[in-house]
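Heads up, the sequence shown is in full-length UniProt numbering, so the first residue is 1 and it goes up one at a time.
What follows is one structure encoded as structure tokens, with my remarks underneath.
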Amino acid sequence: MTGRWLGGDGRTARSWALSLATANRQFVEMGERSMVDRHLGEVLATKFGVCNKSREWIRQHSLQGPADEQLLALTHLKDIASYVKNLTGGAMVLAWHDMLKSFDTRIIADLRLATLIEPVIWDYSEQIVTMPEEGFAALATNFPAVWASSAYKGANYPSAMYIDIRHYETNNHAWIRTKIAQEQKFKFEGIIITGWQR
1 MTGRWLGGDG
11 RTARSWALSL
21 ATANRQFVEM
31 GERSMVDRHL
41 GEVLATKFGV
51 CNKSREWIRQ
61 HSLQGPADEQ
71 LLALTHLKDI
81 ASYVKNLTGG
91 AMVLAWHDML
101 KSFDTRIIAD
111 LRLATLIEPV
121 IWDYSEQIVT
131 MPEEGFAALA
141 TNFPAVWASS
151 AYKGANYPSA
161 MYIDIRHYET
171 NNHAWIRTKI
181 AQEQKFKFEG
191 IIITGWQR
């Protein structure tokens, strides 16, 4: 799998996965604070089934067609979420909704990802435009609970020189209206108010 953060096309072996797993274990083990107080960053994967190891996995599972790369990616996500859940004694893993929205909902259901993952729907606009009605409906087929993600700074454009308080206030109010409109589909666990720094 290839991530935007890593660059490249994923054809070369990388040792970062083992380092990341070790760092995450140390991160979980340090201190006495609960996992609720911690955030483990993520790498967004953009290509699947490109490297030799991934192609071998697909071959071993006798898969063909477009679902093979989706199953590979979602199985990897499930493995990571299971690892974190086991390591932490049951913490729920949060995943950005755009990591999930393009995958076949049947594969998500077959892998029972809702037992491990709660989607975080991010939208920093004033009218919540990234998730149309059918997007909420698709998530609701597999996930009984979701989080919203708004912003209080950054997340508007890369060269912003000031904080547009009215924009962020409008974004948060839009999320409250969206929560009310969509809460018959699933439980909203809360709003994660993010601050982006560039």
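Where a beta carbon is used, it is the ideal one built from N, C-alpha and C, also for glycine.
Fair warning: this is a prediction, and the values are worked out from it, not measured in the lab.
How would you label T178, buried or exposed, when you count the other beta carbons within 10 angstroms and need 16 or more for buried?
The count along the sequence shown starts at 1 and reaches residue 178 at position 178. With a threshold of 16 other beta carbon atoms within 10 Å, T178 meets it and is buried.
Sort G135, Y162, I193 by Cα distance to H173 and report the nearest one.
Counting from one through the sequence shown, the residue named residue 173 turns up at place 173. Minimum Cα distance to H173 is reached at I193.
In angstroms with no decimal places, state the Cα-to-Cα distance between A145 and K101.
On the sequence shown, residue 145 is found 145 positions in, with the first residue counted as 1. On the sequence shown, residue 101 is found 101 positions in, with the first residue counted as 1. Taking the straight line from one Cα to the other gives about 15 Å.
Could you have a look at residue 206 and say whether DSSP puts it in helix, strand or coil?
Since the displayed the chain opens at 1 and closes at 198, residue 206 lies outside it and no answer follows.
Quick check on this structure: which residue in L71, F136, W196, Q184 has the alpha carbon closest to the alpha carbon of F103?
Counting from one through the sequence shown, the residue named residue 103 turns up at place 103. Looking at the Cα atoms, L71 is the closest of the given residues.
Reducing DSSP to helix, strand and coil, say where E183 ends up.
The sequence position of residue 183 within the sequence shown is 183, counting from 1. It is coil, neither helix nor strand.
Rounded straight-line distance, which links the Cα of T75 to that of L94
As a first step, residue 94 is located in the sequence shown; it is residue number 94 there, counting from the start. As a first step, residue 75 is located in the sequence shown; it is residue number 75 there, counting from the start. Spanning the two alpha carbons is a distance of roughly 16 Å.
Here's the rule I'm using: 16 or more other beta-carbon atoms within 10 Å means buried, otherwise exposed. How should A13 be labelled?
The sequence position of residue 13 within the sequence shown is 13, counting from 1. Unreliable positioning characterises A13 in this predicted model, as indicated by a pLDDT of 39, which lies under 50. A coordinate reading is not provided.
Output the boundary residues of the alpha helix (DSSP H) element that contains I108.
If you number the sequence shown from 1, residue 108 lands on position 108. Start and end: 105–110.
Let's see if you can read the secondary structure: which residues bound the beta strand (DSSP E) around A95?
Numbered from 1 along the sequence shown, position 95 holds the residue referred to as residue 95. Counting along the chain, the beta strand (DSSP E) containing A95 begins and ends at 93–96.
Length of the line joining the Cα atoms of F143 and P158:
Here residue 143 refers to the residue found at position 143 of the sequence shown. Here residue 158 refers to the residue found at position 158 of the sequence shown. Rounded to the nearest angstrom, the two C-alpha atoms are 32 Å apart.
For K101, write down the residues that DSSP places opposite it in a beta bridge.
The sequence position of residue 101 within the sequence shown is 101, counting from 1. Bridge partners of K101: none, in fact.
Would the stretch 162–173 count as touching the stretch 113–131 if we require 3 or more Cβ pairs under 8 Å?
yes
Are the CB atoms of D68 and I58 nearer to each other than 8 Å?
Locating residue 68 in the sequence shown gives position 68, counting from the first residue. Locating residue 58 in the sequence shown gives position 58, counting from the first residue. Their beta carbons are under 8 Å apart, which means D68 touches I58 by this criterion.
Exposure of Q182, with buried meaning 16 or more beta-carbon neighbours within 10 Å
The residue labelled residue 182 in the question sits at position 182 within the sequence shown. So Q182 ends up on the buried side.
Could you pull the DSSP bridge partners for P119 from this structure?
Position 119 of the sequence shown, counted from the first residue, corresponds to residue 119. DSSP, once it has assigned bridges, lists A95 as partnering P119.
Check this for me: beta carbons of P119 and H97, under 8 Å apart or not?
What you label residue 119 is simply residue 119 of the sequence shown in a count that begins at 1. What you label residue 97 is simply residue 97 of the sequence shown in a count that begins at 1. Yes. Within cutoff.
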